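Q: This is the structure I have questions about; it appears just below.
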Amino acid sequence: MFHFTENGIVQETVIGPKTWPIPELLETPNPLAGEPLAERNAALQKAAEMVSENLAELSETARLHLYFWKNFRPGKISERTYIYPTSATSNNRWELKINELGLFYKDVSGEYDSRLGWVSEQLFSDFWFYGPLQPMPDLRLREKIIGIVRDAFLRSDCPAAAAHFELFEYPALTVSDLNWSEGDHVRRDFVDVRAHGIEIGYLTFRDSEPSRGFLSFENFLHEPPRPFSAITPEIRAEIEQFLGKKSTFGLSKNAPPPPEPPKPPTPREKIDLSESLLKTDPKSERGAETLISLLEFEDESDYWRNYVFNCFFKLRGNRTVENFIIQKLRGDHEIHFKKAVDVLSMWGMYGDKALNDRTLLLNLNWHDATANDPDFRAALEKTIKIINQNQ
């Protein structure tokens, strides 16, 4: 949820209100994340109407986005769907849908998300300037989508109409050492270059399969890296050498200084917000995320940890809470692990018959978890299936 002010937008987030000055809104990748695409499109078009093209404080990036949203009309795009493999030799399939709202990538095979068929959304402007969000290895398809978006501009001669990401054929992957990892036996983070893009992820000592994310070559070259990226300057240089291209992002000399971070909400404010949201909708994702965020105070007092996990007792069916419990059962935090088992026990007492299984819960013990005991692994897999059975 967000609302306009005289000079920008205030967005309500799980950590409190975030103020978006118009210049920041226009130059930040994935602005207003978490809001419906239709509302984000309308907000960006309205923001473009609120600002003069000649404002000195606008960076080059912000000015291009300004031109984009002043001239782009998403209503001119009719819906199309494309299904394609990750590569010529891959069994993994993706479905791309483009319509007047934006681009929708469905991970049909669960290649980068364990939730089969999970859909990720992308704003038109993010695609135009930074490239595809998910795998799109076929150059012809990228050219086709660029053409569809270009046809929705009111003026083909506006500066933004020619400023899309570079189109190029991906080079053949003949180098075998374009992968890096760092960590220890508890957790290792990695970056792997594939023929279709870059995989970034991690593996803990308890995972049978690593958790993987994806970064397209176009995103790598055009979108400013996120904070704490696993791609170091040294790794970036090697990937750039493989692609034969240099990253194009960077701060303009006219870019304004970064805004002061908003004052974080107090624990009491977080409690009030989470209780309000979860009372209205026990399945509220935002309410659950706000509740979970209270764990940042657990080093100050056990009260916060006990409060959060005790609230989970009556939140069976909240997908965010269920995913968090699964994460803690797989994790390396002993107290959180044991608290998660307590939550399962209470879900069983409150009516989930499948979790009212004493033998199953006894097999979910920390000693066997750290020993990677086969009985524990079997119990964990069974428990995860039970948690997910209604999804």
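The sequence shown begins at -7 in my numbering and counts up one residue at a time. From the three backbone atoms N, C-alpha and C, an ideal C-beta is built for every residue, glycine too. These numbers were taken from a predicted model, which means no experiment stands behind them.
On the three-state DSSP scale, how would you describe glutamate 135?
A: The answer is helix: DSSP assigns glutamate 135 an H, G or I state.
Q: Report the option in Leu283, Pro219, Glu49, Val100 whose CA atom is closest to the CA atom of glutamate 16.
A: The shortest Cα separation from glutamate 16 among Leu283, Pro219, Glu49, Val100 belongs to Glu49.
Q: Could you tell me the distance, in whole angstroms, from the CA atom of threonine 53 to the CA atom of asparagine 302?
A: In a straight line, the C-alpha of threonine 53 is about 47 Å away from that of asparagine 302.
Q: Suppose you measure from the CA of alanine 144 to the CA of tryptophan 120; what does that come to, to the nearest Å?
A: Going by the C-alpha atoms only, they are around 12 Å apart.
Q: Give the C-beta separation of phenylalanine 197 and leucine 235 to the nearest angstrom, bearing in mind that I take them to be a contact with Cβ-Cβ under 8 Å.
A: Not really, about 34 Å apart at Cβ, beyond 8 Å.
Q: In the DSSP output, which residue or residues are listed as bridge partners for histidine -5?
A: Histidine -5 pairs with Val2.
Q: If we ignore side chains and look at the alpha-carbon of each, how far apart do lysine 320 and serine 200 end up?
A: Distance between the alpha carbons of lysine 320 and serine 200 is about 15 Å.
Q: Which of the three DSSP states, helix, strand or coil, is assigned to threonine 78?
A: Here threonine 78 sits in coil by DSSP.
Q: By how many angstroms is the C-alpha of proline 151 removed from the C-alpha of glutamine 37?
A: Spanning the two alpha carbons is a distance of roughly 16 Å.
Q: Counting only the same chain and skipping the five closest in sequence on each side, list residues whose C-beta sits under 6 Å from that of threonine 78.
A: Result list for threonine 78: Asn84, Pro127, His188, in chain order.
Q: Please classify glycine 109 as buried or exposed, where buried requires at least 16 other C-beta atoms within 10 Å of its C-beta.
A: The residue in question, glycine 109, is exposed, as its Cβ has fewer than 16 Cβ neighbours within 10 Å.
Q: In or out: threonine 272 buried (at least 16 other Cβ within 10 Å) or exposed?
A: Exposed is the call here.
Q: Three or more C-beta pairs closer than 8 Å, one from the stretch 226 to 235 and one from the stretch 130 to 145: is that the case here?
A: Taking 8 Å as the limit for Cβ pairs, the verdict is that the stretch 130 to 145 does not touch the stretch 226 to 235.
Q: What's the C-alpha gap between glutamate 292 and histidine 156?
A: Approximately 48 Å, taken between the alpha carbons.
Q: Is the beta carbon of glutamate 71 closer than 8 Å to that of lysine 98?
A: Not a contact, by the Cβ cut-off of 8 Å.
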